[in-house]
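Residue numbers (the working numbering): 7 to 192. Glycine included, each C-beta is placed from N, C-alpha and C at the ideal position.
(1) Any idea if residue 36 is buried or exposed, counting beta-carbon neighbours within 10 angstroms, 16 or more meaning buried?
(2) In or out: residue 116 buried (at least 16 other Cβ within 10 Å) or exposed?
(3) What residue ranges within the segment 49-128 form continuous alpha helix (DSSP H) runs of no fewer than 4 residues, ordered along the chain?
(4) Using 8 Å as the cut-off, can you tell me whether the segment 73-84 makes contact with the segment 109-124, which would need three or more C-beta pairs spanning the two stretches below that distance?
(5) Across the segment 104-112 and the segment 14-26, are there enough close Cβ pairs to call them in contact, namely three or more that are closer than 8 Å?
(6) State whether the segment 63-71 contacts the segment 137-154, with contact taken as three or more CB pairs (one from each stretch) at a distance under 8 Å.
(7) Going by other Cβ atoms of all chains shown within 10 Å of its Cβ, with 16 needed for buried, is residue 162 buried or exposed?
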């Protein structure tokens, strides 16, 4: 049995100018609504795993679904909101500073790990969701032998950690680069 975690491709959203923390909330929404850049080549291992998978699951976000379709347009995809990326909090008040969206993402993700969850799912709840997601992947692996999840960076990391805790063997750290895959087996 094997479970492969693939991170989605790069977003088509190219908004890198400095924004306020309140504008960051709108940026998150736009990021979730955008698809991915139509690449011409992909990592060989990623293509091999998705081509040979008996089940392909994605989150229900456009970038994950589009990524799975770009990797193999002939597969049946099972989208599921359970596999969505861990949400980012937004500041409760306007801090009146402008930063690039990637800086806001880093700051907000660090705060989220420390327990700050204004207008988003808390870390503890996301961890529970990752555990449920892992259970679904394992159930599918038991039924179908090989499962691929085209998902998101943080959620894939949390699922990978749970798989390892349950005795699945693979890289200690799930691939965080776009299009990269990491396989776990039992």
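Working from what's here:
(1) Position 30 of the chain shown, counted from the first residue, corresponds to residue 36. The residue is exposed, with fewer than 16 neighbouring Cβ atoms inside 10 Å.
(2) Against the chain shown, residue 116 aligns to sequence position 110. Burial call: exposed.
(3) For the segment 49-128, whole alpha helix (DSSP H) runs of length 4 or above, ordered along the chain, are 50-58, 68-77, 107-119.
(4) By the criterion of at least three beta-carbon pairs nearer than 8 Å, the segment 73-84 is not in contact with the segment 109-124.
(5) Contact between the segment 104-112 and the segment 14-26 is present: 3 or more CB-CB pairs across the two stretches fall below 8 Å.
(6) When C-beta atoms of the segment 63-71 are compared with those of the segment 137-154, three or more pairs fall below 8 Å, so the two segments count as touching.
(7) As a position in the chain shown, residue 162 is number 156, starting the count at 1. Buried, since its Cβ has 16 or more Cβ neighbours within 10 Å.
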